[in-house]
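**Student:**
Protein chains: 2
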Amino acid sequence: MLLCDIGNTHFHFWSNGKVTHLLPRSLHRRMFNEEIYYISVNPENEKILTKTFKTTYDLESIIDLPTEYMGLGVDRKAACLCVRDGVIIDAGTAITVDVMSGGRHQGGYILPGFNEMIGAYGRISPLLVGGINFTYEPKELPLNTKDSITYGMLKSIILTIQNTIGSKKAYFTGGDGKYLAKFFAQAIYDETMVFRGMRISIERALEKRRRAQSVQELEEAPMDLDWE
Amino acid sequence: MLLCDIGNTHFHFWSNGKVTHLLPRSLHRRMFNEEIYYISVNPENEKILTKTFKTTYDLESIIDLPTEYMGLGVDRKAACLCVRDGVIIDAGTAITVDVMSGGRHQGGYILPGFNEMIGAYGRISPLLVGGINFTYEPKELPLNTKDSITYGMLKSIILTIQNTIGSKKAYFTGGDGKYLAKFFAQAIYDETMVFRGMRISIERALEKRRRAQSVQELEEAPMDLDWE
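Residue numbers (the UniProt record's numbering), protein chains in the order written: chain A, 1 to 228; chain B, 1 to 228.
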């Protein structure tokens, strides 16, 4: 089965447990022959996928997460479906943070991703362009510009997520998830969370169809077999 | 006396305790007749000031703050000069956070300002454009996109600054300083901090000159008046 998670920057493909990240310009008609089951948060990129490949199926309608959140992104829903209790952090173009409790989504929020934060600094002043030091640990107060940008970016993201996690379990995914997870004790990193959520949804939809078929078979059976 | 603090976006003028904020395109030759004492963090805007007005003096060389920080912005130095012990938060295009202890600068860091953060969200996805709710209090977990952006932006800024403040005193300045100060108990807001620092520096420079003159006068006096 070939799955695709269409983000704002990349197309993420899953095939037999292997994940590939592609930019829109890298997609090519002959790349895949099989049917593609996808979810998308970006209509423009979605169009690129459906025009490039012959057979594509949007899974959005079967990604079903109990929540009161209005307009929750389908990728966030999918990732949350993998967790009964805990915090799900998807660090990509945006960093989304969602809380699950007893299998119900409790709410969540959005932070700009690392690349967007770096871009924001660069737009403030030429002095703040390209100033991130990814080996830096934001502990002591910074004493130069590069560290002061890195500290600001990392500390604000880490403290906010830590405040949400508290004593809960934390599950990281997304392109920057592995790097970000390092700052948290007991963090669990899984690159495939969104895809696992898509597969859970497919299983549930198939199970539902099987049940519906069974009921239909029962209904078509002689009356004395009505078990009600 | 007319003072000017040249930022990355605005020119901030101080005259007799009154502060005016102007965009570069709003500056006009006939606006001021007097001498302008300025500091600048933006060479391009500095050029606009010195070309528009006849007599301008750069105060940078007399803004003297004890620190080990390499490349600390002159506006941050000026604001820090007003505080012996405490945290100074200047919320403008960038949000700078600096710590003073016993009259010495201990270090500091930079966060993107509100406008840059809002822009960063908008660049991630059209769904996240213009989504800030400035009356929102980031307490409960958000249940819609607008609140989830506001929560992410405010909570990340507030928690980071709170982490630095601890039990110290906090002094807020800058265009968004008044709004930001509302989230902190015992916050002190002063729009004129950078200008107060400039005036402290001028006073000190004048005092130094007076002393140098006195020494010169003493040196030129008859030998029996040498008090050493």
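Think of the CB as a built atom: it goes at the ideal place given N, C-alpha and C, for glycine as much as any other residue.
1) Identify the continuous alpha helix (DSSP H) that holds Leu180/A and give its terminal residues.
2) What does DSSP give as the partner residue(s) for Met100/A in the beta ladder?
3) Please determine, among Asp64/B, Thr93/B, Gly130/B and Ile89/B, the residue with the shortest C-alpha to C-alpha distance to Gly103/B.
4) Taking the alpha-carbon positions, what's the Glu217/A to Leu49/A distance?
5) Whose C-beta lies closer than 7 Å to the C-beta of Asn16/B among residues of the same chain, with five residues either side of it excluded?
6) Less than 8 Å between the C-beta atoms of Ala79/B and Val194/B, yes or no?
7) Quick one: grab the DSSP three-state call for Tyr69/A.
8) Taking Arg123/B as the query, report the chain A residues whose CB atoms sit under 8 Å from its CB, ordered along the chain.
9) Any Cβ of chain B within less than 8 Å of the Cβ of residue 229/A?
10) Where does Pro43/A sit, in a helix, a strand or coil, going by DSSP?
11) From which residue to which residue does the beta strand (DSSP E) around Tyr189/B run?
12) In angstroms, rounded to a whole number, what distance separates the CA positions of Ala205/A and Ile132/A?
13) Taking Leu22/A as part of the alpha helix (DSSP H), name the residues at either end of that continuous run.
14) If I measure Cβ to Cβ from Asn8/B and keep anything under 7 Å in the same chain, skipping five residues before and after, which residues do I get?
15) How far does the alpha helix (DSSP H) with Tyr171/A in it extend, from its first residue to its last?
16) Would you verify that the beta carbon of Thr52/B is, or is not, closer than 8 Å to some beta carbon of chain A?
17) Compile a chain-ordered list of the residues in the region 64-76 of chain A whose CB is closer than 9 Å to at least one CB of chain B.
18) For the region 180-212 of chain B, which residues have a beta carbon sitting closer than 7 Å to at least one beta carbon of chain A?
19) Can you tell which of Ile200/B, Pro142/B, Thr173/B and Tyr171/B has the C-alpha that lies nearest to the C-alpha of residue 234/A?
20) Thr173/B versus chain C: which residues are under 9 Å apart at the beta carbon?
21) Alpha carbon to alpha carbon, how far is Lys51/A from Val97/A?
22) Quick one: is Ser201/B buried, meaning 16 or more other Cβ sit within 10 Å of its Cβ, or exposed?
23) Check Phe32/A in the structure and name its three-state DSSP category.
24) For chain B, is any of its Cβ atoms less than 8 Å away from the one on Pro142/A?
25) How many angstroms separate the CA atom of Leu3/A from the CA atom of Tyr38/A?
26) For chain B, check one thing: does any of its Cβ atoms lie closer than 8 Å to the Cβ of Asp58/A?
27) Excluding the 5 residues flanking Gly86/B on each side, which residues of the same chain have their C-beta closer than 7 Å to its C-beta?
28) Can you look up Phe195/A in the DSSP assignment and give me helix, strand or coil?
29) Whole angstroms is fine: what's the gap from Ala181/A's alpha carbon to Tyr189/A's?
30) The alpha helix (DSSP H) spanning Asp75/A covers which residue range?
31) Mapping the DSSP letters down to three states, classify Asp58/B as helix, strand or coil.
32) Tell me which residue opens and which closes the alpha helix (DSSP H) that Ser148/B is part of.
33) Quick test of your reading: Ile158/A and Ser148/B, contact by CB under 8 Å. State the CB separation rounded to the nearest angstrom.
34) Taking only the alpha-carbon atoms, compute the straight-line gap between Thr164/B and Gly108/A and give it to the nearest angstrom.
35) With which residues is Leu94/B paired in a DSSP beta bridge?
36) Would Phe11/A be called buried (16 or more neighbouring beta carbons within 10 Å of its own) or exposed?
**Tutor:** Reading from the atomic positions:
1) Position 180 of the first sequence, counting from 1, holds the residue named residue 180/A. Per DSSP, Leu180/A belongs to the alpha helix (DSSP H) from Gly177 to Ala181.
2) Mapped onto the first sequence, residue 100/A falls at position 100. In the DSSP secondary-structure assignment, Met100/A is bridged to Gly86/A and His105/A.
3) Numbered from 1 along the second sequence, position 103 holds the residue referred to as residue 103/B. Among Asp64/B, Thr93/B, Gly130/B and Ile89/B, the Cα nearest to that of Gly103/B belongs to Asp64/B.
4) For the purposes of this step, residue 217/A is identified with residue 217 of the first sequence, where counting begins at 1. For the purposes of this step, residue 49/A is identified with residue 49 of the first sequence, where counting begins at 1. Rounded to whole angstroms, Glu217/A to Leu49/A spans 38 Å at the Cα level.
5) Position 16 of the second sequence holds residue 16/B. Contacts found: none.
6) Here residue 79/B is taken as the residue at index 79 of the second sequence, counted from 1. Here residue 194/B is taken as the residue at index 194 of the second sequence, counted from 1. In this structure, Ala79/B places its C-beta atom within 8 Å of the C-beta atom of Val194/B.
7) Your numbering for residue 69/A matches position 69 in the first sequence. Reduced to three states, the DSSP call for Tyr69/A is coil.
8) Counted from its first residue, the second sequence places residue 123/B at position 123. Contact annotation for Arg123/B against chain A: Glu116 and Gly119 [CB-CB distance below 8 Å, chain order].
9) The displayed coordinates of chain A run from 1 to 228. Any statement about residue 229/A would go beyond what the structure contains.
10) As a working mapping, residue 43/A is identified with position 43 in the first sequence. Pro43/A falls in the helix class under three-state DSSP.
11) Residue mapping note: residue 189/B aligns to position 189 of the second sequence, counting from 1. That run of the beta strand (DSSP E) goes Ala187 to Tyr189.
12) Locating residue 205/A in the first sequence gives position 205, counting from the first residue. Locating residue 132/A in the first sequence gives position 132, counting from the first residue. One C-alpha to the other measures close to 45 Å.
13) If you number the first sequence from 1, residue 22/A lands on position 22. From DSSP, Leu22/A is part of no alpha helix (DSSP H) but of the beta strand (DSSP E) over Lys18 to Leu22.
14) Here the question's residue 8/B lines up with position 8 in the second sequence. Result list for Asn8/B: Val41, Asn42 and Thr93, in chain order.
15) Here the question's residue 171/A lines up with position 171 in the first sequence. Where Tyr171/A is concerned, there is no enclosing alpha helix (DSSP H), although the beta strand (DSSP E) it sits in stretches over Ala170 to Thr173.
16) Looking up residue 52/B in the second sequence gives position 52. Residue-level contact by beta carbon fails for Thr52/B and chain A, as no gap is shorter than 8 Å.
17) Taking 9 Å as the Cβ-Cβ cut-off against chain B, the residues of the region 64-76 of chain A that qualify are Thr67, Glu68, Tyr69, Met70, Gly71, Leu72 and Gly73.
18) Cβ contacts with chain A come from no residue of the region 180-212 of chain B.
19) There is simply no residue 234/A to check, as chain A begins at 1 and stops at 228 in what is shown.
20) Of the protein chains in this structure, namely A and B, none is chain C.
21) Against the first sequence, residue 51/A aligns to sequence position 51. Against the first sequence, residue 97/A aligns to sequence position 97. Looking at the two C-alpha atoms, the distance is approximately 32 Å.
22) Position 201 of the second sequence, counted from the first residue, corresponds to residue 201/B. Ser201/B comes out buried.
23) Walking along the first sequence from the start, residue 32/A turns up at place 32. Note: Phe32/A maps to coil in three-state DSSP.
24) Residue mapping note: residue 142/A aligns to position 142 of the first sequence, counting from 1. Chain B has a Cβ within less than 8 Å of the Cβ of Pro142/A.
25) Here residue 3/A corresponds to residue number 3 of the first sequence, with the count starting at 1. Here residue 38/A corresponds to residue number 38 of the first sequence, with the count starting at 1. Near 6 Å, if we compare the C-alpha coordinates of Tyr38/A and Leu3/A.
26) As a first step, residue 58/A is located in the first sequence; it is residue number 58 there, counting from the start. Not an interface residue.
27) If you number the second sequence from 1, residue 86/B lands on position 86. Once the five neighbours on either side are set aside, the close Cβ partners of Gly86/B are Met100, Lys168, Lys169, Ala170 and Tyr171.
28) In the first sequence, counting from the first residue as 1, residue 195/A sits at position 195. Three-state result, Phe195/A: helix.
29) Start at 1 with the first residue of the first sequence, and residue 181/A comes out as number 181. Start at 1 with the first residue of the first sequence, and residue 189/A comes out as number 189. Between the alpha carbons of Ala181/A and Tyr189/A lies a gap of roughly 7 Å.
30) Here residue 75/A is taken as the residue at index 75 of the first sequence, counted from 1. For Asp75/A, the uninterrupted alpha helix (DSSP H) run begins and ends at Val74 to Cys80, by DSSP.
31) Walking along the second sequence from the start, residue 58/B turns up at place 58. If DSSP states are grouped into helix, strand and coil, Asp58/B belongs with the strands.
32) Mapped onto the second sequence, residue 148/B falls at position 148. The continuous alpha helix (DSSP H) containing Ser148/B extends over residues Thr145 to Ile165.
33) Counting from one through the first sequence, the residue named residue 158/A turns up at place 158. Counting from one through the second sequence, the residue named residue 148/B turns up at place 148. So it is not a contact: roughly 19 Å between Cβ atoms.
34) Taking the first residue of the second sequence as position 1, residue 164/B is located at position 164. Taking the first residue of the first sequence as position 1, residue 108/A is located at position 108. Those two C-alpha atoms are separated by around 25 Å.
35) As a working note, residue 94/B is residue 94 in the second sequence. Looking at the sequence itself, residue 94/B is Ala, so the reference to Leu does not match. Pro112/B.
36) The residue labelled residue 11/A in the question sits at position 11 within the first sequence. So Phe11/A ends up on the buried side.
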